[in-house]
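The opening residue of the sequence shown carries number 13 in this note's numbering; numbering runs sequentially from there.
What follows is one structure encoded as structure tokens, with my remarks underneath.
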Amino acid sequence: MKAVIVLLQVVLIFPLLILFSGAILMSCNRPSATAKKNNKDRTIKASKVSPNEVKKTLFLTFDDGPGTGTNNVSQTVEYEKILVTFFIIGNHVFNSRKQRQTWAALKADPYIELCNHGYTHAWHNNFNKFYLCPDSVVTDFKLTEDSLDFTNNIARMPGRNIWRTGTVKKTDIQNSVAAADSLRKAGFILIGWDFEWSLNPKSLNVAITADTLIKKLDSLFEHNKTRKAGNLVLLAHDRIFKNSYNFLQLRRLIEKLKNRKDYRLSWLSDYPN
Ligand SMILES: [Zn+2]
Numbered sequence: 013m014k015a016v017i018v019l020l021q022v023v024l025i026f027p028l029l030i031l032f033s034g035a036i037l038m039s040c041n042r043p044s045a046t047a048k049k050n051n052k053d054r055t056i057k058a059s060k061v062s063p064n065e066v067k068k069t070l071f072l073t074f075d076d077g078p079g080t081g082t083n084n085v086s087q088t089v090e091y092e093k094i095l096v097t098f099f100i101i102g103n104h105v106f107n108s109r110k111q112r113q114t115w116a117a118l119k120a121d122p123y124i125e126l127c128n129h130g131y132t133h134a135w136h137n138n139f140n141k142f143y144l145c146p147d148s149v150v151t152d153f154k155l156t157e158d159s160l161d162f163t164n165n166i167a168r169m170p171g172r173n174i175w176r177t178g179t180v181k182k183t184d185i186q187n188s189v190a191a192a193d194s195l196r197k198a199g200f201i202l203i204g205w206d207f208e209w210s211l212n213p214k215s216l217n218v219a220i221t222a223d224t225l226i227k228k229l230d231s232l233f234e235h236n237k238t239r240k241a242g243n244l245v246l247l248a249h250d251r252i253f254k255n256s257y258n259f260l261q262l263r264r265l266i267e268k269l270k271n272r273k274d275y276r277l278s279w280l281s282d283y284p285n
């Protein structure tokens, strides 16, 4: 009889114990909402590539969201688990319920860094007038900062490839110098771009394929044609990835970059100095 009881214990209780401990383990491994939020710190940058192997740090940056195409980019980022930076236009967040929802999703995404692209995109692309009023430019960027609560002070001036970091000072269009200097003085770090993945204006497809783009990036790195050796800022716009061909090219770009041991993708807050 005793042997039968022991046998019953083994047959019935042991599997239950395994099930129970499995459930505990699963719940421990699943990141909580807090953990996910906290992932938006530097710990997520731990990569399989050792720092010694990395020769090229690439900063993928996407401008002008939230809007058309933003979700396509962010879903790819989430799926591929790569670090990218979005430059946000303040009033795009509040234009519609859908854009507010997109903004909320970007904010919660641990792989995305959010930076300031001004509130009105230079008074709705009135670049020359806008940049002649440095005080208004500062007000425009501060309004975005105050309404969106960024965790960094990185900004990009709309329609201008202007840099004001600790070590890089570049201005593409000289009548914007005063505005750029005022933004810097107000505490913003300005980062432009080394290369733009632009559109063919006729076809509205990306002007070069992902494969050609990677060759171009390799060449820029190898010939030291970036603002800082070993670091390259790539500009693209969210809206171009609404187009399914461009979206496929973006996915191909990211897949290929992830397989390159000499490349590392990072956030702009990681840009040197
Ligand atoms: Zn822009």
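We put the beta carbon where it would ideally sit given N, CA and C, even for glycine.
Three-state secondary structure (DSSP) of residue i
i	result
L229	helix
H136	helix
H129	coil
L277	strand
I94	coil
H104	helix
I252	helix
N84	helix
K67	coil
I185	coil
R272	coil
T224	helix
I326	For the chain, the structure presents residues 13 to 285; residue 326 sits outside this window and is missing.
L216	coil
T73	strand
R176	strand
A241	coil
N285	coil
L246	strand
F153	helix
L144	coil
A167	strand
F207	strand
F99	strand
Whole-Å CB distance - residue i paired with residue j, under 8 Å assumed
i	j	result
P146	A191	4 Å
N128	I174	No, N128 and I174 are not in contact; Cβ-Cβ is about 13 Å, not under 8 Å.
S281	E125	6 Å
N285	T183	In fact, because the Cβ distance is near 18 Å, the residues do not count as touching under 8 Å.
Residue i versus the options, residue with shortest Cα-Cα distance
i	options	result
L70	S256, K254, K228, L155	K228
T179	Q87, G171, R239, N173	R239
P122	Y91, Y143, T151	Y91
G199	T224, N165, S215	N165
W205	N187, S215, N285, R172	R172
S256	L246, N217, Y143, I203	N217
T80	K68, Q113, R168	Q113
Q186	D158, F139, T151	F139
M169	Y143, K119, N271, A117	Y143
R272	K182, D230, T151	D230
K181	A167, L202, F162	L202
L246	N258, H235, S210, K214	S210
T163	L155, V189, K119, S148	K119
*Touching or not, the segment 79–96 and the segment 127–136, by the rule of three or more beta carbon pairs under 8 Å?*
The answer is no - the segment 127–136 does not touch the segment 79–96, with fewer than three Cβ pairs under 8 Å.
*Cβ pair count under 8 Å reaching 3, the segment 270–279 against the segment 189–203*: They do not touch, by the three-pair rule.
*State whether the segment 105–112 contacts the segment 265–274, with contact taken as three or more CB pairs (one from each stretch) at a distance under 8 Å.*
Segments in contact, no.
*Are the segment 246–255 and the segment 72–87 touching by the rule of at least three beta carbon pairs closer than 8 Å?*
Judged by Cβ distances under 8 Å, the segment 246–255 makes contact with the segment 72–87, as three or more pairs qualify.
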